[in-house]
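In what follows, a single structure is set out as structure tokens and then discussed.
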Amino acid sequence: PHMLFTGPPGAGKSTRVHALLREIYGPGADVVKVETRSVAPNPNTPSNTVDLQVVVSNHHLAVTPSDLGRKDRAVVMQLIKEVASHPPLGGHSFKVVVIEEAGALSHEAQAALRRTMEKYMKTC
């Protein structure tokens, strides 16, 4: 399922997402680490990468790509493809990708996100 949490800053969107993750995955969802991922916005030029901080657990990935400017579309698509290419852990049939500040993504990134979500809806 795809979910969208909206509201003003401080309304508890992130808190609700974390509560939902705990409900689905149990306490393992609270074991997170911050990583820097190098993502190639254009797979044809893998040497041209963008570094992006992500929060990951065994069950989800959280990212804030809106501050990448024009590269946000390609980075979002690459991250979702990467997550969807690996099978879910713990017997679940799906994984969770949390995109913080999704409303601040460019129009192109939002359209690409919709298409990518439709494509990988069976696994992510």
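Residue 1 is where the sequence shown starts when you use the UniProt record's numbering, and the numbers rise one by one after that. We treat Cβ as the ideally placed atom computed from N, Cα and C, and that holds for glycine.
Looking at C-alpha atoms only, which residue of N44, E35, T45, H60 is the closest neighbour of P53? Within the sequence shown, residue 53 is the residue found at index 53, counting from 1. As written in the sequence, residue 53 is Gln, which differs from the Pro given in the question. Ranking the options by Cα distance to Q53, first place goes to E35.
Given Q78 as reference, the closest of P41, L68, M117, R16 once Cα atoms are compared: Mapped onto the sequence shown, residue 78 falls at position 78. Relative to Q78, the option among P41, L68, M117, R16 whose CA is nearest is P41.
Own chain residues within Cβ distance below 6 Å of L113, not counting five before or after: Taking the sequence shown and counting its residues from 1, the one referred to as residue 113 is at position 113. Excluding residues up to 5 positions away in sequence, V76 lie with their Cβ nearer than 6 Å to the Cβ of L113 in the same chain.
Across which residues does DSSP place S38 in a beta bridge pair? Here residue 38 refers to the residue found at position 38 when the sequence shown is read from its first residue. Beta-bridge pairing links S38 to D51.
Measuring straight from C-alpha to C-alpha, what distance separates Y88 and T45? By one-based count along the sequence shown, residue 88 stands at place 88. By one-based count along the sequence shown, residue 45 stands at place 45. Per the sequence presented here, residue 88 reads as Pro, with Tyr not at that position. Going by the C-alpha atoms only, they are around 29 Å apart.
Could you check if V107 is buried or exposed, using at least 16 other CB atoms within 10 Å of its CB as the buried criterion? Indexing the sequence shown from 1 puts residue 107 at position 107. It is worth fixing the name first, because residue 107 is His in this sequence and not Val. So H107 counts as exposed.
Please classify A84: is it buried, with 16 or more other beta-carbons within 10 angstroms of its beta-carbon, or exposed? Numbered from its first residue, the sequence shown carries residue 84 at position 84. Label assigned to A84: buried.
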